[in-house]
Amino acid sequence: MFNFRSPSFKRLGLNCDELTVTELIDLMLKEPRLIRRPVVRVDKKVYFGADAKVLVDVLK
């Protein structure tokens, strides 16, 4: 769900292993670009990221 490889995250200079869940949520609220996109919900499952194969299979 969180895009640790994004340029936006790298610019912050944070260590992802040291962040708490609360801190991650706060970061996503302040910087929505840190959320992996697209976000696709099918029934009760949520898929994050642009893996074309997964999205094609899910959306069939």
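In the working numbering, the protein residues as written are 3 to 62. Cβ coordinates follow ideal geometry from the N, Cα and C atoms, glycine included.
- The three-state reading of DSSP puts Lys-12 in helix, counting H, G and I together.
- Here the alpha carbon of Thr-24 sits roughly 16 Å from the alpha carbon of Phe-6.
- With contacts defined by Cβ atoms closer than 8 Å, Val-60 and Val-44 form a contacting pair.
- In this structure, DSSP gives Arg-43 an extended state, which the three-state scheme calls strand.
- The straight-line gap separating the alpha-carbon atoms of Asp-53 and Arg-13 is approximately 24 Å.
- Arg-35 places its beta carbon less than 8 Å from that of Ser-10.
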